[in-house]
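Numbering (the working numbering), first residue to last: 120 to 293. Where is the CB? At the ideal position from N, CA and C, for every residue including glycine. One structure is given here, and the rest of the page talks about it.
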């Protein structure tokens with residue numbers, strides 16, 4: 120047996136086993152679109168979600184941050200409806216967003232994960248019949264240069280949604 124064959128990498132097996140267990144226990148649900156493209160939520164985020172007793176984890180969005188996402192005068196992360204990977208709102212929540220914003224929390228990326236509370240999720244209408252979801256209020260604090268989370272224009276991010284006691288939370292992976 121060659122040297123290469125002796126050094127098996129079991130990390131992928133460990134992630135797959137953990138994911139299967141979470142699905143079985145109902146702590147993880149993956150949309151059909153996400154199942155066709157291998158996408159992993161890093162273990163540090165899983166650990167944080169599990170500490171919060173989070174469930175119903177799903178990939179909402181994968182995109183490159185654009186100039187307007189990083190612009191402090193805009194103060195928002197755009198979640199274009201046509202780019203969503205999975206439904207993350209209940210029908211009731213979606214209707215309620217027509218009239219007012221919804222308060223959500225976000226696990227930020229970085230060397231040490233931080234849960235930021237008080238972000239607002241709302242609809243941003245471009246036309247009467249077209250809108251994007253947007254994360255606002257505390258978004259500038261997330262993208263501030265002192266945040267040390269590596270967020271900058273052009274970087275690829277994933278936005279994941281999950282529920283804690285029925286309340287919507289997000290985590291942002293850089």
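Let me know if residue i comes out buried or exposed under the rule of 16 or more other beta-carbons within 10 Å of its beta-carbon.
i: residue 252; result: buried
i: residue 245; result: exposed
i: residue 166; result: exposed
i: residue 170; result: exposed
Can you tell me whether residue i is helix, strand or coil according to DSSP?
i: residue 171; result: coil
i: residue 209; result: coil
i: residue 260; result: helix
i: residue 195; result: coil
i: residue 162; result: helix
i: residue 182; result: strand
Output the boundary residues of the beta strand (DSSP E) element that contains residue i.
i: residue 243; result: 233-246
Using 8 Å for Cβ pairs, my map puts residue i next to residue j. What's the rounded Cβ distance?
i: residue 250; j: residue 174; result: That belief does not hold up - the Cβ atoms of residue 250 and residue 174 are roughly 28 Å apart, past 8 Å.
i: residue 254; j: residue 262; result: Actually they do not touch by this definition, with Cβ atoms about 11 Å apart.
i: residue 184; j: residue 272; result: 6 Å
i: residue 190; j: residue 228; result: No, residue 190 and residue 228 are not in contact; Cβ-Cβ is about 19 Å, not under 8 Å.
Only counting the same chain, and skipping five residues up and downstream in sequence, which positions put a Cβ closer than 7 Å to that of residue i?
i: residue 242; result: 216, 217, 250, 252
i: residue 223; result: 238, 240, 287, 288, 289
i: residue 258; result: 194, 195, 196, 238
Spatial neighbours of residue i within its chain, please: C-beta separation below 8 Å, excluding the five flanking residues on both sides.
i: residue 164; result: 226, 232, 279, 290, 292
At which residues does the alpha helix (DSSP H) containing residue i begin and terminate?
i: residue 188; result: 186-189
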